[in-house]
Amino acid sequence: GCDVAPTAVTIDVESGDELITTPTDIVALRQSNSVDDQARARDLRAAQRKSFESAFSASKFVRGFTTDGAYVLCEKAR
4 GCDVAPTAVT
14 IDVESGDELI
24 TTPTDIVALR
34 QSNSVDDQAR
44 ARDLRAAQRK
54 SFESAFSASK
64 FVRGFTTDGA
74 YVLCEKAR
């Protein structure tokens, strides 16, 4: 649940969790010499940052990761 510290071990998604994904090709996009790929990587990072800011504003925090690398967020325990 949301009353434990985040873990690097993959976890199951529970009801009420929010997922913030990272594209599987983000490293390749960032390292690419293509202007289009680099622009896409910047756009993806900006969108991810906005998702985190929104989640943190709603008192959510990262509690772990899925097997495919998505961040799992939940509301802070009260």
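So my numbering is basically just the index in the sequence shown, starting at one, shifted up by 3.
Every residue gets a Cβ at the ideal spot worked out from N, C-alpha and C, and that includes glycine.
Can you grab the Cα-Cα spacing for the pair E21 / V38, in whole Å?
Cα to Cα, E21 sits roughly 32 Å from V38.
Let me make sure I understand the geometry here. Which of D71, T25, A42 has the alpha-carbon closest to that of D15?
Among D71, T25, A42, the Cα nearest to that of D15 is on D71.
In angstroms, rounded to a whole number, what distance separates the CA positions of V30 and A44?
9 Å
Are the CB atoms of T24 and A73 nearer to each other than 7 Å?
yes
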